Structures are given as C-alpha cells and as structure tokens.
Amino acid sequence: MRNKVIAGNWKMNKSFEEATQFIDEVKGMEVAANTEAIVCAPFIYLTNLVERAKGSNVKIAAQTMHYEESGAFTGEVSPSMLFSIGVTHVVIGHSERREYYNETDDTVNKKTIAAFDHNLTPIVCVGETLEQREANETLSHIESQVKQALANLNDDQITKTIIAYEPIWAIGTGKTASSEDANEVCAHIRKVVADITSQATADKVVIQYGGSVKPDNIDELLQTSDIDGALVGGASLEPASFKQLVEAGNRLS
Ligand code: PGA
Numbered sequence: 017m018r019n020k021v022i023a024g025n026w027k028m029n030k031s032f033e034e035a036t037q038f039i040d041e042v043k044g045m046e047v048a049a050n051t052e053a054i055v056c057a058p059f060i061y062l063t064n065l066v067e068r069a070k071g072s073n074v075k076i077a078a079q080t081m082h083y084e085e086s087g088a089f090t091g092e093v094s095p096s097m098l099f100s101i102g103v104t105h106v107v108i109g110h111s112e113r114r115e116y117y118n119e120t121d122d123t124v125n126k127k128t129i130a131a132f133d134h135n136l137t138p139i140v141c142v143g144e145t146l147e148q149r150e151a152n153e154t155l156s157h158i159e160s161q162v163k164q165a166l167a168n169l170n171d172d173q174i175t176k177t178i179i180a181y182e183p184i185w186a187i188g189t190g191k192t193a194s195s196e197d198a199n200e201v202c203a204h205i206r207k208v209v210a211d212i213t214s215q216a217t218a219d220k221v222v223i224q225y226g227g228s229v230k231p232d233n234i235d236e237l238l239q240t241s242d243i244d245g246a247l248v249g250g251a252s253l254e255p256a257s258f259k260q261l262v263e264a265g266n267r268l269s
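Residues are numbered in the numbering used here as their position in the sequence shown, beginning at 1, plus a constant of 16.
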C-alpha cells in the first residue's frame, strides 16, 4: 500500500516569524504511519525550520535547487547544501519554475538525478496548460514530461520518486480538476512508469495531485485509485488548513 503524501508549498510567502509560528503550531499534530506531512519552505528559513521540526512527523523540503554540487552559480543552492542541513525533500520542475526561471525537461532530469545523488527525495512536477488540455494533448504531454524527468534513473530511484501532477490551469485559480480527470492522468502516469520500468515498480510510486486542493476537496481526490497525496499551495499557508489536509491523509491512508 502506498503512503499518502501531503506537501504544502508555501512558494514566496511568509515572514520569518510567520514561518516559525506555523511549524511550532503544526509539529505536534498526529501523522499516521502511512501518511507523510511535508512543508516546502523558502531557502532562507530551511535551517531554522528543520531544527524546529526535529523529532516531529513534519518534514521540511526545498522548493527548488541547482543540480551542480558547487561552483560559480551566484544565488543558487546545491543539493549537498540542502542535505547538510537536514532537508529531506525537494520540489523539482514546478510549473512556476518552468515558466519564469527557464526550468526545462533537461534540467528537471539533471536535478532529479542530483537529488538522489545527495539522498534527497525529489517531488517532480508535471502538468499541462489549458491550451494543451483543450487540444487533447494532456496525456501525450504528461507522458513526455515524465519520461524525460525519469531518464537514466534506476528502478530503485524511480520507486522513491514522488510525481506531482499539477495541471497549470488549476494552480492558484480555484479551478480544481475533477477527481475523475485528475485520476485519469495520474493513472496514465503510472502506466508510463510501468512501461519504462515494471508494473511492480509503478505500483509503488507515489503520485500526487496539485492545483487548488483544499480541505473540502482533498478527500474525493485521495479516494481515487491512483492519487496518493496532494501538493498544495494556497490552502497550505494556514496551520489549521494544513492540519486538515494532513488529517485527510491520515483518514485515507
Ligand atoms: P495551489 O498551488 O494549491 O495554490 O493551486 C498548488 C501548487 O502550485 O503546488
């Protein structure tokens, strides 16, 4: 049985005080054995938040990273830096990074490989635009993104990769994909993974849905056959709402 993985993506939000208060408030919450609760925070807060969350069931993730180990990359943060401070997960290829910061399928693949080289679990994002959905290109686009993201990974690494299906038209818009549509794409992702590895490997891969997930629609999404969690932006910013999302994971894991 796959874990339910609930990740809050704060994006570029919260003061230091708000960030620390949030972790203090949620770190005592119950997280079921088969559920994972992850907070994806801005780089500048990670060291402090990892320390604060120590001994709790809340894991701290980065929202991106470079794929190089070190060097002349002004302003960047490397995978080994993240690992050295106790970060466990890293979001790779979020559509906002693809749109505004030149993230490509190639850099997504390099970063996914680099994450495993440094004992970080990648949360790899894929998703189609509204134009692609309307042109009936969703499944082929997602298939291409997944194949490129996972290129040159071994089966063990693919098993550990978290894939987040986030239709771009649903992010921050309040328009959630229906649970049927979201599950159809997540099931397709699992089939693509099975084609490049094996059904046994694909059956272990955690696939999240993201895009306007909230406490009142998460249950329906998590009850489908192939959605194993959620990557949540707006509704993860308030501690009470984040807790409700994790509680849904607890109930359905
Ligand atoms: P949203 O963002 O929940 O605010 O739609 C999701 C995401 O970008 O990961």
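All C-beta atoms, glycine included, are put in the ideal place defined by N, C-alpha and C. Here the structure is a predicted model, which is why all the values come from computation and not from measurement.
Determine the burial state of GLU182: buried for a count of at least 16 other Cβ atoms within 10 Å of its Cβ, exposed for fewer.
-> buried
Give a yes or no on contact between the stretch 236-253 and the stretch 19-31, applying the rule of three or more CB pairs nearer than 8 Å.
-> yes
Reduced DSSP category for HIS105 - H, G, I as helix; E, B as strand; rest coil | strand
Please classify ILE60: is it buried, with 16 or more other beta-carbons within 10 angstroms of its beta-carbon, or exposed?
-> exposed
Under the DSSP definition of a beta bridge, which residues are partnered with ASN25?
-> CYS56
Who does CYS141 pair with in a DSSP beta bridge?
-> ALA180
Coarse secondary structure for ILE243, derived from DSSP in three states = coil
Nearest to GLU84 (by Cα), restricted to the options ALA186, THR63, HIS134, GLU196 = HIS134
Would you kindly check if the distance between the Cβ of ALA165 and the Cβ of VAL124 is under 8 Å?
-> yes
Give a yes or no on whether the C-beta atoms belonging to ILE15 and VAL229 are separated by under 8 Å.
-> In the structure displayed, the chain extends from 17 to 269; residue 15 sits before or after that span and is not available.
Proximity test, ASN247 beta-carbon vs the ligand PGA heavy atom, cut-off 7 Å = The residue asked about is misnamed: residue 247 is Leu in this sequence, not Asn. Yes, Cβ of LEU247 sits closer than 7 Å to a heavy atom of the ligand PGA.
Mind checking whether the beta-carbon of ILE187 lies closer than 7 Å to any heavy atom of the ligand PGA?
-> yes
CB contact flag (THR63, VAL107, <8 Å) | no
Backbone secondary structure at TYR117 - three-state DSSP = coil
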